[in-house]
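Counting the sequence shown from 1 gives a position; the working numbering is that position plus 223.
Remarks on the structure that follows.
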Amino acid sequence: MPFVIEKTLDINAPAAVVWEVISDLPRYPQWNPFCLECRSTLVPGDPIDMKVKLMVKPQQQREWMISCEPGRGFSYRMQPVPAGALSSFRSHEIESTGVATSRYRSYFHLKGWMKFVVLGLFRSKLEAGFASMSAAIKDRAESLWAQRQASAAA
Numbered sequence: 224m225p226f227v228i229e230k231t232l233d234i235n236a237p238a239a240v241v242w243e244v245i246s247d248l249p250r251y252p253q254w255n256p257f258c259l260e261c262r263s264t265l266v267p268g269d270p271i272d273m274k275v276k277l278m279v280k281p282q283q284q285r286e287w288m289i290s291c292e293p294g295r296g297f298s299y300r301m302q303p304v305p306a307g308a309l310s311s312f313r314s315h316e317i318e319s320t321g322v323a324t325s326r327y328r329s330y331f332h333l334k335g336w337m338k339f340v341v342l343g344l345f346r347s348k349l350e351a352g353f354a355s356m357s358a359a360i361k362d363r364a365e366s367l368w369a370q371r372q373a374s375a376a377a
């Protein structure tokens, strides 16, 4: 059975703005408290290189893109450890719920017998990291949308 971290948030911004936030990887350092850097083409099969804050010193993490549907989300996974020892999956999903509202779903799972080692070391950091990133996505999207609405009204 996989270990799962899942969070769904309603966001007061259009889905297109949420997509802009999660897909504008070079801007992650400006707002993302967990994934401090991120580089990828977002093309399935290509790497996604991240610097994540799991320990005192952020660590490099390379995973591999699985899917990307512009405006809707993307997913990636680690290179699985042989013999089913450890694998992971991460996805960002966006759903439009109205003209200026959307829903964001963050999903992560770990599978394999080595997940117990990883969770023993990093469970609380993973849970806190994904929660802070999801909240920051919501805050960033709502802030960008509010700024654009204010500029349009001026």
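Note that the Cβ used here is the ideal one computed from N, Cα and C, for glycine as well.
Taking the alpha carbon of G379 as the point to measure from, which residue in V244, V341 and I228 has its own alpha carbon closest? No answer is possible for residue 379: the residues shown for the chain start at 224 and end at 377.
If I follow the unbroken beta strand (DSSP E) through D233, where does it start and stop? Per DSSP, the unbroken beta strand (DSSP E) holding D233 starts and ends at F226 to I234.
Reduced DSSP category for R328 - H, G, I as helix; E, B as strand; rest coil: strand
From the DSSP secondary-structure annotation, give me the bridge partner or partners of P270. W287
List the endpoints of the continuous beta strand (DSSP E) containing L259. C258 to S263
Beta-carbon proximity check, L277 vs F345, cutoff 8 angstroms: yes
Inter-stretch contact (C-beta, 8 angstroms, three-pair minimum) for the segment 330–337 and the segment 259–269: no
Through-space distance from G296 to I317, alpha-carbon basis: 6 angstroms
Just mark A364 as buried or exposed, buried being the case when its beta carbon has 16 or more other beta carbons within 10 Å. So A364 counts as buried.
Going by DSSP, name the residue or residues bridged to E316. G296 and R328
CB contact flag (A359, N255, <8 angstroms): yes
Sorted by chain position, which residues of the same chain lie with C-beta nearer than 7 angstroms to M301's C-beta, five sequence neighbours on each side aside? E286, S310 and S311
Could you give the residue range of the alpha helix (DSSP H) that holds K280? Premise fails: K280 is in no alpha helix (DSSP H) and is neither H nor E.
Quick one: residues in its chain with C-beta nearer than 6 angstroms to the C-beta of K230, no 5 flanking neighbours on either side, listed in chain order? Only residues of its own chain outside the window of five on either side were considered, and among them S329 and S357 have a CB closer than 6 angstroms to the CB of K230, listed in chain order.
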